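Peer 1: Residue numbers (the working numbering): 79 to 440. This is the structure, below, for whatever I ask next.
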Amino acid sequence: MTKKTPLYQAHLDAGAKMVDFAGWQMPINYGSQVEEHHAVRQDAGIFDVSHMTVVDILGAGARDYLRHLLANDIDKLKSRGKALYTCMLNNNGGILDDLIVYFIDVEHYRCVLNAATRNKDLAWMNKVAEGFSVGLHERNELAMIAIQGPKARAKVDNVFSPHQYDAALTLQPFEFTDTESFFIARTGYTGEDGYEIILPATEVVDVWNKALAAGIKPCGLGARDTLRLEAGLNLYGIDMDESVTPLESGLSWTITWEPQDRLFVGRAALELQKSNGVKNKFVGIILEGKGVLRGGQKIYSDSEVVGELTSGTFSPTLGLGIGMARVAKDLGQNCLVEIRDKKHAARVIKLPFVRHGKKIFD
């Protein structure tokens, strides 16, 4: 039986087409995925992300536990109100999940996990917690929404209380404030500015309706996927999973190597892979002609298969077929992509494709 977020009826009222996603009934679109995509690139859109898992890490051992559990080092969070993107790895360096961790105080951190990985994440986190003075508290009473776009921060004037609005305006990227029961973070998954808001489930419908009344467009999973792909943001289970490491997923920057005595889970495997030489790189692919790129399509250099697309789409912002791929480290700027048994010319670029609504490659 699929689960429903507190906004399920609000989605139906807005004309959403609902689909099963990771065991949840979620909106794929509200009529036009392309219009929703452009709304976020040009104005502001709102997403229901209440299917994601909010977990509070509590206890005197919270800091030491997270420094061991995560590849990025939470000691980078020097003061309350800071957030950090990181991967959680297995002992082989494979990616169990990617997540954001928030520093509330030295005995209280918050993590937001992907919906599809909830069960395995919690089992792993509890296993690693053995020996640490720490407890994990899943916050099922909370909901989560994201308001994204170049006008998002201005348009929440009518969504937040005056105090919440003033506090939110002071935030820098990857900072948060918890104000009047709202946990407001200046983070997102679209390549645009805006907020992700964790709040009581009992209040989310009212906030959703206020956002719609303020002219913020409801957006579904379809637009969320094209937006994140243009922004070069990995999707767990598609672009990365337990079979690959951050070193071959464009996520080397999320590994903190110093100090050397921080023995985080997966470190030994990553160090071995690094010393042996990483064979693959993670890149953007642009189709030179007409067509749509999709995950699983093979990439060639002349007649040799040198990689595979992990995800692809037709970019509404660029009007081009784009994708992300794991390819041989020595692949140059030109390649071929096999689409329906025919090879099409394509170009390799450094990710992302779009930042703040603008093309950023030559």
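C-beta atoms are modelled at their ideal positions from N, C-alpha and C, and glycine is treated no differently. None of the values given here were measured: they were computed from a predicted structure.
Which two residues bound the contiguous beta strand (DSSP E) that contains TRP102?
Peer 2: Numbered from 1 along the sequence shown, position 24 holds the residue referred to as residue 102. Where TRP102 is concerned, the enclosing beta strand (DSSP E) stretches over 102-107.
Peer 1: State yes or no: is the C-beta of ARG372 within less than 8 Å of the C-beta of GLY397?
Peer 2: Start at 1 with the first residue of the sequence shown, and residue 372 comes out as number 294. Start at 1 with the first residue of the sequence shown, and residue 397 comes out as number 319. Not in contact: ARG372 and GLY397 (Cβ atoms no closer than 8 Å).
Peer 1: To which residues does DSSP link SER389 through a beta bridge?
Peer 2: Within the sequence shown, numbered from 1, the residue matching residue 389 stands at position 311. MET402.
Peer 1: State buried or exposed for GLY374, treating a residue as buried only when at least 16 other CB atoms are found within 10 Å of its CB.
Peer 2: Here residue 374 is taken as the residue at index 296 of the sequence shown, counted from 1. GLY374 is exposed by the Cβ-count criterion.
Peer 1: ASN287 lies in the beta strand (DSSP E); which residues open and close that run?
Peer 2: As a first step, residue 287 is located in the sequence shown; it is residue number 209 there, counting from the start. From DSSP, ASN287 is part of no beta strand (DSSP E) but of the alpha helix (DSSP H) over 282-291.
Peer 1: Quick check: the Cα distance between GLY369 and LYS156, rounded to an integer number of angstroms?
Peer 2: Within the sequence shown, the letter at position 291 stands for residue 369. Within the sequence shown, the letter at position 78 stands for residue 156. Whole-angstrom Cα-Cα distance: 47 Å.
Peer 1: Quick one: what's got a C-beta closer than 7 Å to GLY137's C-beta in the same chain, skipping five residues either side?
Peer 2: Walking along the sequence shown from the start, residue 137 turns up at place 59. So the list reads GLU185, SER211, VAL212, GLY213, once near-sequence residues are dropped.
Peer 1: Exposed or buried, which one is GLU258 when buried takes at least 16 other CB atoms within 10 Å?
Peer 2: Residue numbering aside, residue 258 sits at position 180 when the sequence shown is read from its first letter. Under this definition GLU258 is an exposed residue.
Peer 1: Between which two residues does the alpha helix (DSSP H) carrying LYS205 extend?
Peer 2: Within the sequence shown, residue 205 is the residue found at index 127, counting from 1. Start and end: 196-207.
Peer 1: DSSP puts THR257 in a beta bridge; with which residues?
Peer 2: Locating residue 257 in the sequence shown gives position 179, where the first residue counts as 1. BP columns for THR257 point to PHE260.
Peer 1: Sort out for me which residues DSSP pairs ALA224 with in a bridge.
Peer 2: Looking up residue 224 in the sequence shown gives position 146. Beta-bridge pairing links ALA224 to PHE125, GLU274.
Peer 1: Quick check: the segment 189-199 against the segment 171-179, are at least 3 beta-carbon pairs closer than 8 Å?
Peer 2: The answer is yes - the segment 189-199 touches the segment 171-179, with three or more Cβ pairs under 8 Å.
Peer 1: So, with DSSP's three-state summary, where would you put PRO296?
Peer 2: The residue labelled residue 296 in the question sits at position 218 within the sequence shown. PRO296 falls in the strand class under three-state DSSP.
Peer 1: For the segment 258-270 and the segment 299-312, state whether three or more C-beta atom pairs, one from each stretch, are separated by less than 8 Å.
Peer 2: In short, these stretches touch, since the Cβ pair count reaches three.
Peer 1: Between HIS116 and the rest of its own chain, which residues show a CB-CB distance below 7 Å, the 5 nearest in sequence each way excluded?
Peer 2: The residue you call residue 116 lines up with position 38 of the sequence shown. PRO394.
Peer 1: Quick check: the Cα distance between PRO324 and CYS165, rounded to an integer number of angstroms?
Peer 2: The residue given as residue 324 occupies position 246 in the sequence shown. The residue given as residue 165 occupies position 87 in the sequence shown. Distance between the alpha carbons of PRO324 and CYS165: 8 Å.
Peer 1: Please state the DSSP three-state secondary structure of ALA423.
Peer 2: By one-based count along the sequence shown, residue 423 stands at place 345. Three-state result, ALA423: strand.
Peer 1: Can a CB atom of chain C be found closer than 8 Å to the CB of TYR243?
Peer 2: The structure shown contains no chain C; it is built from a single protein chain.
Peer 1: Pick out whichever of ALA403, ALA100, GLN226, ILE135 has its Cα sitting closest to the Cα of PHE215.
Peer 2: For this step, residue 215 is matched to residue 137 along the sequence shown. According to the sequence displayed, residue 215 carries His and not Phe. If we check each option's Cα against that of HIS215, ILE135 comes out closest.
Peer 1: What is the DSSP secondary structure of HIS434, counted as helix, strand or coil?
Peer 2: For the purposes of this step, residue 434 is taken as residue 356 along the sequence shown, with counting starting at 1. Three-state result, HIS434: coil.
Peer 1: My output table needs one value for ASN236: the three-state DSSP class, helix, strand or coil.
Peer 2: If you number the sequence shown from 1, residue 236 lands on position 158. It is helical.
Peer 1: Keeping to the same chain, check which residues put their C-beta closer than 6 Å to that of PHE261; ignore five residues upstream and five downstream.
Peer 2: One-based indexing of the sequence shown puts residue 261 at position 183. Counting only Cβ-Cβ distances below 6 Å, and skipping sequence neighbours, we find ILE276.
Peer 1: Going straight from the alpha carbon of GLY123 to that of GLU281, what length do you get?
Peer 2: Counting from 1 along the sequence shown, the entry for residue 123 is found at position 45. Counting from 1 along the sequence shown, the entry for residue 281 is found at position 203. In a straight line, the C-alpha of GLY123 is about 19 Å away from that of GLU281.
Peer 1: Could you please give the first and the last residue of the uninterrupted beta strand (DSSP E) stretch that includes TYR86?
Peer 2: On the sequence shown, position 8 is the one that residue 86 refers to. Not the beta strand (DSSP E): TYR86 falls in the alpha helix (DSSP H), residues 86-91.
Peer 1: Compute the beta-carbon to beta-carbon distance between ALA140 and TYR187, rounded to the nearest angstrom, for a pair I have assumed lies under 8 Å.
Peer 2: Counting from one through the sequence shown, the residue named residue 140 turns up at place 62. Counting from one through the sequence shown, the residue named residue 187 turns up at place 109. About 6 Å separates the two Cβ atoms, so the contact holds.
Peer 1: Just list the residues that DSSP pairs ARG188 with in beta bridges.
Peer 2: Position 110 of the sequence shown, counted from the start, is the residue given in the question as residue 188. For ARG188, which the question treats as bridged, DSSP gives the partners ASP134, TYR180.
Peer 1: Select from ASN204, GLN242, ASN287, ALA309 the residue whose C-alpha is nearest the C-alpha of ASP126.
Peer 2: Taking the sequence shown and counting its residues from 1, one reaches residue 126 at position 48. Checking every option, the nearest Cα to that of ASP126 belongs to ASN287.
Peer 1: For the structure I just gave you, are there three or more beta carbon pairs, one from the segment 426-436 and one from the segment 347-365, closer than 8 Å?
Peer 2: Yes, since at least three Cβ pairs between the segment 426-436 and the segment 347-365 fall closer than 8 Å, the two stretches touch.
Peer 1: When we look at the beta-carbon of GLY293 and count the other beta-carbons within 10 Å, is it buried (16 or more) or exposed?
Peer 2: Within the sequence shown, numbered from 1, the residue matching residue 293 stands at position 215. GLY293 is exposed by the Cβ-count criterion.
Peer 1: Could you give the first and the last residue of the continuous alpha helix (DSSP H) run that contains ASP319?
Peer 2: Indexing the sequence shown from 1 puts residue 319 at position 241. Element bounds for ASP319: n/a, residue is neither H nor E.
Peer 1: Tell me the DSSP secondary structure of THR304 in three-state form.
Peer 2: Here residue 304 refers to the residue found at position 226 of the sequence shown. Residue state, collapsed to three classes: helix.
Peer 1: Please determine if the segment 139-153 and the segment 325-338 are in contact, where contact requires at least 3 C-beta pairs separated by less than 8 Å.
Peer 2: Taking 8 Å as the limit for Cβ pairs, the verdict is that the segment 325-338 does touch the segment 139-153.
Peer 1: Just verifying my parser: in three-state terms, what is the DSSP assignment at THR332?
Peer 2: Here residue 332 refers to the residue found at position 254 of the sequence shown. Looking at THR332 - three-state DSSP - the assignment turns out to be helix.
Peer 1: Round the Cβ separation of ASN169 and VAL343 to the nearest angstrom and send it over; I've been treating them as touching at under 8 Å.
Peer 2: To locate residue 169, count along the sequence shown from 1; it is residue 91. To locate residue 343, count along the sequence shown from 1; it is residue 265. Correct: roughly 6 Å between the Cβ atoms.
Peer 1: When the Cα atoms are used, what is the spatial distance from ASP142 to ALA207?
Peer 2: The sequence position of residue 142 within the sequence shown is 64, counting from 1. The sequence position of residue 207 within the sequence shown is 129, counting from 1. About 10 Å.
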